[in-house]
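Colleague: If you scroll down you'll find the structure; I have some questions about it.
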Amino acid sequence: MSYDVIIIGAGMSGLAAGIRLAYYDKKVCILEKHYRVGGLNSFYSRDGHKFDVGLHAMTNYVAEGTKSTPLPKLLRQLKLKVEDFALCQQRMSMVKFPGKTLRFNNDLDFFIQEVADNFPAQADNFQKLLKTISEYDALALDANPISAREVVGSIIADPLLIAMILCPLMYYGNAQENDMEFGQFVIMFNSIFCEGFARPQAGVRQILDVLVKKFQDHGGELRLRCGVQSIQVGNGRVESVLLDNGESLTADKIISSAGYVETMRLLSDYEPARVKYDVGQLSFVEFIMVLDRELAEMGYDTTIIFFNNSDKFSYRRPDDLVDVSSGVICCPNNFHFESPLPEAMIRVTNMANFDLWNNLGQEEYKAQKAAWLETSLEEVVKFMPDFRDSIVYTDVFTPKTIHRFTGHLNGAVYGTPNKIKTGRTHLDNLFICGTDQGFLGIVGAMLSGISMANLHVLQKG
């Protein structure tokens, strides 16, 4: 079977690329090795409970009528309406460090005042940072990487404020240990603080259902449980794609959202020496708890807390199975929903070590999940009401789970720290979209797919 474009992976970026191409009458096939779409942002059921994976909140929320920001741009490109995602805004989120709390909602002026109230000596410097951010072209595909710590540190003089700004941006979209590429910093700062958080009433399936329907309505072909065994290479091009079932497909162009290193390993002429990009090291563990009562009944209506238990913030692969010194606490019901979610739930995310989790035997793996849940919650309840007596069900996923269901080496949620912004590889007709292209988060992933489809297929004719 021959196509104009084959897309590897039915995550957000792959689906968005597929919609864009199918709309312009390209013959497109998306290959997904799992039985469900979504990749890093998907959903599952267990013992009657429905869970989202990946989605805490959708960033980049803006009021209807705003035109120049990422969310309206992607809606226009995909011929969708904002109502299609049924987004509900957050209530209030926080960054909490010892002795300091910065609150933020979907109003930048509110956050500016929070910074001024908590760090009065840095109020003017923070305005200078906002000006620097607004003037920086973070989407330039040919920009040289520069250190966010260096740029921000040259403007903000208080290390604690720098750490509190970096904490949520790193947790929600950074593949680099203890620093961040400034362009990525700008993208994440805008998406979280200048724009904001929202969540579809029905969770991530709302978004995925809309994307799949749009793709198929335009004639796109989606093949689930259809893994790629290898990518056959010859004369500097991809010649064919060999599937796990032995079938061979051809296409003029291939777009892969599987990750750069992961895609290179599929090549029939794969040579490790040619892969000049590091494998990502950063992964996470997430504890998902179902409660028998709403957190609002305990007087807690915060949407998301990014916490750290010391003045210094360490964002790196931990030496132990889990690092509970910092993390994210997400309460999916604390958005402005039209009606409450079916169950009260809380999700806690901490940094974790893939190698250590991957080397555990089955029984020890189960035991460590239970033990680290307890250890993590001891830290979490310092930042919110103690809800532990209300837990009725728990599920845990680890870096090993992430690797199993996404194929990302090391369970690296945000992929390689060295992003390939142009999406180009050494092969003329193979391109990268998604995490390793460099636009992160749900909106970022969709924009990545759109951008690569536009740049490498539609603009080429």
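Each residue of the sequence shown is one higher than the one before, counting from 36 in the working numbering. Virtual Cβ for every residue (Gly too), placed ideally from N, Cα, C. If you're wondering where the values come from, they're calculated on a predicted model, not measured in any experiment.
Give the straight-line distance between the Cα atoms of Met127 and Arg260, rounded to the nearest whole angstrom.
Modeller: Cα-Cα distance, rounded: 40 Å.
Colleague: Can you look up Phe217 in the DSSP assignment and give me helix, strand or coil?
Modeller: Helix, per DSSP.
Colleague: Do the segment 288 to 305 and the segment 397 to 410 make contact, defined as three or more Cβ pairs closer than 8 Å?
Modeller: The segment 288 to 305, when compared against the segment 397 to 410, does not touch it at the 8 Å Cβ threshold.
Colleague: For Asp471, count neighbouring C-beta atoms within 10 Å of its own C-beta (all shown protein chains included) and say buried if the count is 16 or more, exposed if not.
Modeller: Counting Cβ neighbours within 10 Å, Asp471 comes out buried, since at least 16 surround it.
Colleague: Assuming Gln124 and Tyr79 form a contact by the criterion Cβ under 8 Å, report the distance between their Cβ atoms to the nearest whole angstrom.
Modeller: Not confirmed; about 26 Å, so no contact.
Colleague: For Thr136, which residues in the same chain have their Cβ closer than 8 Å to its Cβ, ignoring the five residues on either side in sequence?
Modeller: Only Met129, Val130 and Asn153 meet the Cβ criterion.
Colleague: Is Ala233 helix, strand or coil when you go by DSSP?
Modeller: Looking at Ala233 - three-state DSSP - the assignment turns out to be strand.
Colleague: Look at the alpha carbon of Ser425 and the alpha carbon of Pro353, and state the distance between them as a whole number of angstroms.
Modeller: Rounded to the nearest angstrom, the two C-alpha atoms are 30 Å apart.
Colleague: Quick check on Gln264: does DSSP put it in helix, strand or coil?
Modeller: Looking at Gln264 - three-state DSSP - the assignment turns out to be strand.
Colleague: Ignore the nearest five residues each way along the sequence and tell me which others in Ala178's own chain have a CB closer than 8 Å to its CB.
Modeller: For Ala178, where only same-chain residues beyond five positions count, the Cβ hits under 8 Å are Asp172, Gly218 and Lys456.
Colleague: Going by other Cβ atoms of all chains shown within 10 Å of its Cβ, with 16 needed for buried, is Ile181 buried or exposed?
Modeller: Exposed.
Colleague: Could you tell me if Asp358 is buried or exposed, where buried requires 16 or more neighbouring beta carbons within 10 angstroms of its beta carbon?
Modeller: Flag for Asp358 reads buried.
Colleague: Less than 6 Å between C-beta atoms, sequence neighbours within five positions excluded: which residues of the same chain meet that for Asp336?
Modeller: Same-chain partners within the cutoff: Arg126 and Asn369.
Colleague: Tell me which residues share the same chain as Thr429 and place their Cβ nearer than 6 Å to its Cβ, disregarding the 5 neighbours each side in the sequence.
Modeller: Excluding sequence neighbours, Thr429 sits near Met324.
Colleague: Under 8 Å by Cβ, that's how I've got Val239 and Gly89 pegged, so tell me the actual separation to the nearest angstrom.
Modeller: Between Gly89 and Val239 the Cβ distance is about 7 Å, and since that is below 8 Å, they are a contact.
Colleague: Expressed to the nearest angstrom, what Euclidean distance is found between the alpha-carbon atoms of Trp392 and Tyr58?
Modeller: The straight-line gap from Cα to Cα measures roughly 43 Å.
Colleague: Are the Cβ atoms of Asn160 and Ile190 separated by less than 8 Å?
Modeller: Yes, these two residues count as a Cβ contact at 8 Å.
Colleague: Which parts of the segment 111 to 186 are runs of the alpha helix (DSSP H), unbroken and 4 residues or longer, counting only runs that do not cross its ends?
Modeller: Runs found: 143 to 153 and 158 to 170.
Colleague: Relative to the alpha-carbon of Ala447, which residue among Val296, Ala488, Lys417 and Ala183 has its alpha-carbon at the smallest distance?
Modeller: The shortest C-alpha separation from Ala447 is found at Val296.
Colleague: Opposite Ala387 in the DSSP bridges: which residues?
Modeller: According to DSSP, Ala387 bridges with Ser318 and Val357.
Colleague: How big is the Cα-Cα spacing for Cys365 and Asp327?
Modeller: Looking at the two C-alpha atoms, the distance is approximately 17 Å.
Colleague: To which residues of the same chain is Gly476 closer than 7 Å at the C-beta, ignoring the five residues directly before and after it?
Modeller: For Gly476, where only same-chain residues beyond five positions count, the Cβ hits under 7 Å are Thr94, Tyr207, Gly208 and Ser226.
Colleague: Go to Tyr428, then tell me how far its beta strand (DSSP E) extends in each direction, as first and last residue.
Modeller: Residues Ile426 to Phe432.
Colleague: From the DSSP output, read off the bridge partner residues of Asn87.
Modeller: Before going on, a small fix: residue 87 reads as Asp here, not Asn. Answer is Phe78, bridged to Asp87.
Colleague: Tell me whether Ser226 sits in a helix, a strand or coil according to DSSP, three-state version.
Modeller: Ser226 falls in the helix class under three-state DSSP.
Colleague: Please return the same chain residues whose Cβ sits closer than 6 Å to the Cβ of Leu246, not counting the five positions on each side in sequence.
Modeller: Correct list, in chain order: Leu50.
Colleague: Please state whether DSSP places Met419 in a helix, a strand or coil.
Modeller: Coil.
Colleague: In terms of alpha-carbon separation, which member of Gln241, Lys62 and Arg382 lies closest to Leu122?
Modeller: The shortest C-alpha separation from Leu122 is found at Gln241.
Colleague: Can you list, in chain order, the residues of its chain whose CB lies under 6 Å from that of Leu243, leaving out five sequence neighbours each side?
Modeller: Cβ neighbours of Leu243 beyond the five flanking positions: Val72 and Gly73.
Colleague: Considering just the uninterrupted stretch of the alpha helix (DSSP H) at Tyr295, what are its terminal residues?
Modeller: Its alpha helix (DSSP H) spans residues Tyr295 to Met299.
Colleague: Can you pull the DSSP bridge partners for Ala379?
Modeller: Per DSSP, Leu326.
Colleague: Using only CA atoms, which one of His438, Pro375 and Val363 lies nearest to Ala331?
Modeller: Ala331 has its Cα closest to that of Pro375, out of His438, Pro375 and Val363.
Colleague: Determine the closest residue to Lys166 out of Phe224, Ser292 and Met215, with distance taken between C-alpha atoms.
Modeller: Nearest C-alpha to Lys166: Phe224.
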